[in-house]
Structure formats: structure tokens, C-alpha cells
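Chain order of the listed sequences is A and B.
The letter at position 103 of the first sequence is residue 114 when you use this note's numbering, and the numbering goes up by one with no holes.
The letter at position 195 of the second sequence is residue 357 when you use this note's numbering, and the numbering goes up by one with no holes.
Backbone N, C-alpha and C define an ideal beta-carbon position, used for all residues, glycine too.
Since this is a predicted model, take the numbers as computed values, not measurements.
The block underneath contains the structure these notes are about, expressed in C-alpha cells.
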Amino acid sequence: MSIQQTPTPIEPKQLTPKQKPTGFMLFVQKCKEQKVLLLMSLPFLIWLFIFRYVPLYGWTMAFQDFRPARPILEQDWAGWKHFEFLFTDPRFFEVLRNTLAMSFINLVLGFVTAITLAILLNELRNLTFKRVVQTISYMPHFLSWVVAAGLVSYTLSLENGIINIILTNLGIVKEPILWLGIGEYFWGIIGASDVWKNVGWNSIIYLAAITMIDTEQYEAAEIDGASRFQRIWYITIPGMKTVIVILLIMNLGYILESGFEAQYLLMNPMNMDYAENLDIFVLRYGISMGNFSLATAAGIFKTVVSFIFLFSANSIAKRLGEARLF
Amino acid sequence: MNLLKKLTGKRRSVDDLIFDSVNVVLMLLLCVVMLYPMLNTLAVSFNEATDSVRGGIYLWPREFTTYNYAHVFGESQLLHAGMISVLRTVIGTGLSVFCTAMVAYTISRQYFVMRKFVTIAFVLTMYLNGGLIPTYLLMRELSLIGTFWIYIIPGLIGVFNLIVVRSFIEGLPETIFESARIDGAGEFTQFFRIALPLCLPVIATISLFVAVFQWNQWFDVFLYNSSRPELSTLQYELMKILQNSNASMTSRTAADAFASAQGQSQNVVTPTSIRAAMTIIVSVPIICVYPFLQKYFVKGLTLGGVKG
Chain A
12 MSIQQTPTPI EPKQLTPKQK PTGFMLFVQK CKEQKVLLLM SLPFLIWLFI
62 FRYVPLYGWT MAFQDFRPAR PILEQDWAGW KHFEFLFTDP RFFEVLRNTL
112 AMSFINLVLG FVTAITLAIL LNELRNLTFK RVVQTISYMP HFLSWVVAAG
162 LVSYTLSLEN GIINIILTNL GIVKEPILWL GIGEYFWGII GASDVWKNVG
212 WNSIIYLAAI TMIDTEQYEA AEIDGASRFQ RIWYITIPGM KTVIVILLIM
262 NLGYILESGF EAQYLLMNPM NMDYAENLDI FVLRYGISMG NFSLATAAGI
312 FKTVVSFIFL FSANSIAKRL GEARLF
Chain B
163 MNLLKKLTGK RRSVDDLIFD SVNVVLMLLL CVVMLYPMLN TLAVSFNEAT
213 DSVRGGIYLW PREFTTYNYA HVFGESQLLH AGMISVLRTV IGTGLSVFCT
263 AMVAYTISRQ YFVMRKFVTI AFVLTMYLNG GLIPTYLLMR ELSLIGTFWI
313 YIIPGLIGVF NLIVVRSFIE GLPETIFESA RIDGAGEFTQ FFRIALPLCL
363 PVIATISLFV AVFQWNQWFD VFLYNSSRPE LSTLQYELMK ILQNSNASMT
413 SRTAADAFAS AQGQSQNVVT PTSIRAAMTI IVSVPIICVY PFLQKYFVKG
463 LTLGGVKG
């Protein structure tokens, strides 16, 4: 009796539909077999479609003169009119400038402070102290922006604000400064608030990257007589490079996402020219003034530019041979 | 960690000593900067309102009183807002975590036919979204505006949380699931009896994320339900107080000055003192919880970050 090499029946469950192009019937059969799994995920796929994909259809509003009272299919088309209006509106460029400036400041400050904090934390010798500092540094991340903005505006206030008290007592300034009343200071205030709120949180991922570094490298460097700074510069920072690049790419995708809550909550008529960013612009035109079409056009502009940035950063990283997102 | 212990034992040069001292001082400074605004607010919240207007309160109340808190808890509107905050946090977190875990389970099954499709459909929404206005109009079409459910349903599943849980389940040994299948366990049983219990660490992590998000959220109240005071939340009430006192820019707001001029009677509150008390009330629950979940969320965050 010869042993025939019959293909052993493979459980259909272990195959993905891609491997068997025989097609639709197989797919249907599998769906039947996996009806429980489908039951567990399909309702949420429908949810996803309604709440995340249907709004994309709303982009058509940007090309219409949208009137809320009419059904969405009976609107008048307006072509690129709203985009043309945007790109000739001087206010829009101010808004764009504010958005990019605050984003850039937040990005740079956020990266530098979080990486520095992770390195310094890693150099602490007392583990209990390290843990306490970490726990305290996470705290502001869990507070709402409403609370944080309240704390910021109180800290910067004219008479009781600790910043003004310190500055006047040290004699650095003669008169207390109305920080939130001067537009030029606004970007810096947002940057500092953002660092205060998120530096501890953002350092988590870098700290995790540092703990992945092979400790033998440090030992070897120490035997070779490398100083602490040399060890940080030649071992720790290169060891974090992958994580830094990945996060940089991800954040470049959000370059027009300068945050909304902090600006909105700290904004006032005096600093508005520097505080208004794209999100607030959309809110102001869309919800407050009811110009849905223009606001949507601004929203589309934001999404499209973010997409371009994300893909460019990704392909640059690919060309440089660095880790990348996709 | 090990490295640090090893280094501690060795001889230390003068350079090292200077580095360590400067580092410790910097870290202490960081702690002060992180904590001071909160501690200062705590002191102001326990200080007599008209006295606070004079300034000079740093870490300790000058004229101790609990009246600010009594006033906040005495206002039925604020109490009601507190109840809505608690409700949306509890219901929102429970539902969101359950649904996220369930979908995460299905897309962690390598043999699931729709695995790729469902995963991509979710991940894509991280980069593509309709934006504020279309979303607002959709909510209006669905008649969700002016209801409690607008706090829960639109944010039911967060993509980041989904990926974190999926990565965690994929990290579990597949043999457990296999043997359960051989014993005749269906997908539901595998999910409830095996995946969920083993996922507790990551469930704790995303519960914290979602609960903090729900508790801290004010924008959806502002956008959708600002004309419905019975659906207001604590954060939104606090935001309104903040906006009012921001409107007149100095710390000594008109209302503060008025209250202090009125004066001598003990039972007076000012926007500043109310704000301080409310800031403490909305922050204390979170501050009490997060340190205990620290080791979980640190793990969850790195898991999501590395594999996501």
C-alpha cells in the first residue's frame, strides 16, 4: 500500500480570504462559520460608518451655498467660491500663521522638553525619588484644559499671579505684566502651558525607549572613561532615535492641529489676533455665524494639508533609511 | 533600572557628583512647578473669599473657611451638573470599554474573514475626519443634540484604545484559545471567559483614559447642549465661570471687587473662590486615582506606541 501524498485538509478557519482567490462563495461560507465574530464587530462597523464616514460626505458643503433649512440634496452648487474667498481673506492668513506658529512652537518645545526630562529621569540614582518625580510630572496631563487654563490665567494674573510676584520682587520688571492681554506673548504662553501639562506624559515613551538600550554599552563606555555627558550623547540619544523619528512623523501629520481647548479658553479680545487658529476660525464662522460652507472649506484645507505633511514626512524618513509609520 | 543600581555602587568622580546634584535640583524644581498652581488653588479654596481678594495667599489659607465648598455643594444646579458628570463618566466608560474590547477581540483573531477590513476601516479614521461642521449637522440629523446620549454614542470606540487592546490580546498565548476551542467554547465564551479576564491590566488602562476623557470633556456640552442646563456638566460650569472672569482681565474682577466692598459678612463668595473650590472638586477624583494605575498606563502607552 503506497502512501499517497494527499494534501492534508486544512481547517478553513486558518486561512485568510486572500490566500484562496476562489472567491465569493468561500467568503460567504466563512462568514456563515464566523457569524458570531461578525455579530460582535458588524454593529460597530455600522456605527463607524455613520459617525466617522458619513460626515465625510459633508465635505460637499464646501462646494455649495449651504442653507441649513434645506435638505442636503437640494443645495445650490457654488464651485470653488468658498476656497477663493478663504485664500483672499487676510484674516485667514493670520489664522494660518497663528496655527502654524503655535503648532511649531508646541512641537519643538514638546520634543525637546520631553526628551530632556526622560534623559534626566533616567540619570536619577534613587529609584523612589525617580518614581515620585514621574508620578508628579504626569499629574497635569490628567487635569482638564478647563482646569489647566484656569490655573494658567491665575498664575499669570496681574496682582495675585505668582509669575508677576516673582518678577517684581526680583526687580526684573517694575510693573506687573498683563500677560494674557498682550498678543505677542500668547504663543509662548500656549507653548509653556502645553509643556507644563504634557511633558511628563510625553516622556513616558522616551523613557521606555531608553530602558530598551543594552546596558552593556554603558558599562563598556564607562570602562573606556566616557563621562556622563558623553554617555548621554553617544549612547542614550542614538538609542532613542527610532522612537524620536516615528513620533516626529506622527506629529508632522498634526501640524495644523495646534490644539483647540487651550487657545479657546485663554483667548480674549486683547490677544485674539494671535490666538485664533484654524479650529477656532471654523467654530466662529460655522457655529456662531452659521456660514457652514466656508467653515467646512477651512476644515477640508486642514485635513488635506495634514495628509500631505504626513505622507511627505513618511517618505522622507523612508529615503533616509529611518523607521517609518507605514 | 538595573543599570542605575549598578552605577550607584561604583566610585563617583567630582563631575558625577555635580551632575547628580544639579539633576536632583532640577527635578525638585520641576515638582514645584507642577504642584504649585494646584496647591495654591487648594489654599485659596479654603480661604475666606473676601480675604483672598487682598492677595498674598501662597500655600496655606490665611482665614480658614469651608464656606466656598458649602456654597458649591449648596447650589442645586452645580449638584445636578456633578451628577451628570458622574453619569456620563460611569456609563460612557463602561460602554466604551466593553465595546472596544469586543471589537479588539474580533480583530485580534487571525482567522477572522473581516479582520483586515475592520482594522483598516477603524485606523483610517485617525487621519480622515469630516470635521466640526459636518459632524455637527449629522448630530442634528440624528436628533442627538439636546440629549444625554450625545456624550456617549459618538465617542463609543477610540481607535487608539482599540489598537492598544488588540495588541494586548495578540500578545496572549494562542494555545489558551485553541484549547478552549477544542473543548467546544464558542467565540462569545472565549471572549468573556478568556480574553476579558486576561485583559484586565489593559482594560484598567483604557478605562482610565476613557474615564478621564469623559470627566474632563466640556466641548460637546458647549457645542451641543449649551441651551439645556439640565444636561450641563461640572467642567462646563467651571468653564463658564472661567470665561466670565476672563472677560474682565485683571485678577480682581468686578464681581470680586463688589463682593469685597460689600464686605464684612463671612458668608460671601467671589468668582475666584468658587473657581478655586470647583477646580479642586473636579480634580481630586482624578488625582486620587491615577497614581494607582501608573504601572498599567505606562505599559499600555508603550504597547500602543510600539505596535500601533
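Determine, using beta carbons only, whether residue i comes closer than 9 Å to chain B.
i	result
Asn325(A)	no
Asn171(A)	yes
Pro79(A)	yes
Gln145(A)	yes
Lys252(A)	no
Thr307(A)	yes
Glu272(A)	yes
Ser164(A)	yes
Arg239(A)	yes
Trp244(A)	no
Lys41(A)	yes
Ser52(A)	yes
Trp219(A)	Per the sequence shown, residue 219(A) should be read as Ala rather than Trp. Yes - at least one Cβ of chain B is within 9 Å of the one on Ala219(A).
Phe182(A)	One point to set straight first is that residue 182(A) is Gly, not Phe, in the sequence displayed. Not an interface residue.
Thr139(A)	no
Ser269(A)	no
Ser148(A)	yes
Met72(A)	yes
Going by DSSP, what residues sit across from residue i in a beta bridge?
i	result
Trp88(A)	Gln75(A)
Phe226(B)	Asn209(B)
State the DSSP-derived secondary structure class of residue i, mapped to helix, strand or coil.
i	result
Phe318(A)	helix
Ser389(B)	coil
Ser214(A)	helix
Pro82(A)	coil
Phe122(A)	helix
Ala347(B)	coil
Lys185(A)	coil
Met300(A)	coil
Glu237(B)	coil
Pro199(B)	helix
Phe271(A)	coil
Thr253(A)	helix
Thr255(B)	helix
Ile221(A)	helix
Asn171(A)	coil
Lys457(B)	helix
Asp182(B)	helix
Gly217(B)	coil
Leu299(B)	helix
Sorry if obvious, but does the Cβ on residue i come closer than 8 Å to a heavy atom of the ligand HEM?
i	result
Arg343(B)	Among the components of this structure there are no ligands whatsoever, and the ligand HEM is therefore not found.
Nearest chain A C-beta to residue i closer than 9 Å, yes or no?
i	result
Thr251(B)	no
Leu360(B)	no
Leu166(B)	Only weak support is given to the placement of Leu166(B): the predicted model assigns it a pLDDT of 48, under 50, and the value that follows is read from those uncertain coordinates. By this cut-off, Leu166(B) is an interface position.
Asn202(B)	yes
Met245(B)	no
Thr412(B)	Only weak support is given to the placement of Thr412(B): the predicted model assigns it a pLDDT of 44, under 50, and the value that follows is read from those uncertain coordinates. True, the Cβ-Cβ gap to chain A drops below 9 Å.
Phe181(B)	yes
Tyr313(B)	no
So residue i and residue j are in contact, right, with Cβ under 8 Å, and what is the actual spacing, rounded?
i	j	result
Leu370(B)	Tyr313(B)	Actually they are not in contact, since the Cβ atoms of Leu370(B) and Tyr313(B) sit about 18 Å apart, beyond 8 Å.
Gly297(A)	Leu294(B)	6 Å
Ile174(A)	Leu167(A)	6 Å
Ala439(B)	Asn230(B)	4 Å
Ser392(B)	His233(B)	The question names Ser, but residue 392(B) is Glu in the sequence shown. Actually they are not in contact, since the Cβ atoms of Glu392(B) and His233(B) sit about 21 Å apart, beyond 8 Å.
Using a C-beta cutoff of 9 Å, does residue i count as contacting chain D?
i	result
Pro151(A)	Checking the listed chains, one finds no chain D in this structure; the protein chains it contains are A and B.
Would you check if there are 3 or more beta carbon pairs closer than 8 Å linking the stretch 132-145 of chain A to the stretch 286-306 of chain A?
no
Three Cβ pairs or more, each shorter than 8 Å: is that satisfied between the stretch 437-446 of chain B and the stretch 152-161 of chain A?
yes
Are at least three pairs of beta-carbons, each pair with one atom in the stretch 334-342 of chain B and one in the stretch 352-364 of chain B, less than 8 Å apart?
yes
Assess, as a yes-or-no matter, whether the stretch 266-279 of chain B is touched by the stretch 37-48 of chain A under the definition of 3 or more beta carbon pairs within less than 8 Å.
yes
Per the contact definition of three or more C-beta pairs closer than 8 Å, is the stretch 69-89 of chain A in contact with the stretch 297-308 of chain A?
yes
Take every Cβ of the stretch 120-130 of chain A, pair it with every Cβ of the stretch 201-219 of chain A, and state whether three or more of those distances are shorter than 8 Å.
yes
Segment contact flag, the stretch 244-253 of chain A with the stretch 77-94 of chain A, C-beta cutoff 8 Å, min 3 pairs:
no
Decide if the stretch 344-352 of chain B is in contact with the stretch 366-386 of chain B; the criterion is three or more beta carbon pairs, one per stretch, under 8 Å apart.
no
Pair every Cβ in the stretch 281-288 of chain B with every Cβ in the stretch 55-63 of chain A, then say whether three or more of these pairs are closer than 8 Å.
yes
Count the CB pairs spanning the stretch 185-201 of chain A and the stretch 209-228 of chain A that are closer than 8 Å, and state whether there are at least three.
no
Any 3 or more C-beta pairs closer than 8 Å across the stretch 312-331 of chain A and the stretch 249-263 of chain A:
yes
Does the structure place the stretch 372-390 of chain B close enough to the stretch 301-317 of chain B that three or more beta carbon pairs sit under 8 Å?
yes
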